[in-house]
Amino acid sequence: MNATALLRHLRNISGNSLVRAGARRIAPQRFVAMTLLAGLGLNGSSHHKQSCVNPVQFNAIPNDSKDDRDAFQKAIDKAIRDSADVCIGAGVWEITKIPGQAAPLISSLHVWGVARPMAIYGAGPSTRVRMLGAGNGGDWNLLEIGEGSAGVLLKDMSLDGSNRSVTGEQTHLLQLRGPVSHVRVQNVQFNLPEINGVGGGDCIRLMGEPDREVQAIELHEVTGTYCDRSFVSFQRGVRGVL
């Protein structure tokens, strides 16, 4: 799907604004709210596809303090295969780190290879997707969007790192890893506090390479409550992020 078609889809499912940024980092600590504005002028309502996949279909249970990672990943994978959206209800959903330290395993949830526009949406701040347990001192991303994905909308939820342990500064809530383009993050709250000396990294991290760029990323009405290292980190290989 070309860029024009992707932007047309985004008009139908979300509001407007885009961010222009170079390779820089937006400072950590507490933010009441932050809207990064731009100039594409995307307007519209919050319409979703008629078909959505819910992690409860794969036995995820909110508020039970048990790991929902496998159910969430199955829901994401099915939505990508079926050109559907992912819909997540209210409640606290616990997500552990995948065992092992190899690079493909550092992201608990991954949205990879999305070729058709899709949305991943919750019920608002009451939908809390939360890190659970130990990071074992290695790199850990709660959610990654990448591997050529284009046209992903993430909205209406909280990403939370307040229940983690044994982590360091390479612990991030949302990583956008190139190649990836036309991703919109809207009405999402981020919480990645330092916990009794347990470090953390970035609430949002944009990580590309010269030949694997991160581009056309929108951050709209996002809130960084606590972000141990930084709220938004622009690493490298980032281009055309208005």
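Residue numbers (this note's numbering): 1279 to 1520.
Glycine included, C-beta positions come from ideal geometry on N, C-alpha and C.
In this text, all values refer to a predicted model and were calculated from it rather than measured experimentally.
Asked                                                                                                                                                                            : Found
Assess, as a yes-or-no matter, whether the stretch 1446 to 1465 is touched by the stretch 1500 to 1519 under the definition of 3 or more beta carbon pairs within less than 8 Å. : yes
Between the beta-carbon of G1478 and the beta-carbon of E1447, is there less than 8 Å?                                                                                           : yes
In this structure, what does DSSP give as the bridge partners for H1388?                                                                                                         : E1422
Can you give me the C-alpha to C-alpha distance between I1351 and N1341, rounded to a whole angstrom?                                                                            : The amino acid occupying residue 1351 in the given sequence is Gln; Ile does not appear at that position. The straight-line gap from Cα to Cα measures roughly 18 Å.
Select from E1472, P1403, Q1493 the residue whose C-alpha is nearest the C-alpha of E1425.                                                                                       : Q1493
Opposite C1512 in the DSSP bridges: which residues?                                                                                                                              : Rather than Cys, the amino acid found at residue 1512 in this sequence is Phe. DSSP lists L1484 as partners of F1512.
Please confirm whether R1406 and S1436 have their CB atoms less than 8 Å apart.                                                                                                  : yes
Return helix, strand or coil for A1353, following the three-state DSSP convention.                                                                                               : helix
So, D1346 versus E1372, is the Cβ gap smaller than 8 Å?                                                                                                                          : yes
Against chain D, does S1385 count as a neighbour if the rule is that its beta carbon must be under 8 Å from one of theirs?                                                       : Going by chain labels, chain D is absent from the structure shown, which holds only one protein chain.
What residues in its chain sit with their C-beta under 8 Å from that of E1487, if we drop five residues either side in the sequence?                                             : G1456, R1514, G1515
Please name the residue, chosen from D1360, V1476, V1510, that lies closest to M1485 on a Cα-to-Cα basis.                                                                        : V1510
CB-CB under 7 Å to Q1335, same chain, minus the five flanking residues each way: which ones, in chain order?                                                                     : A1353
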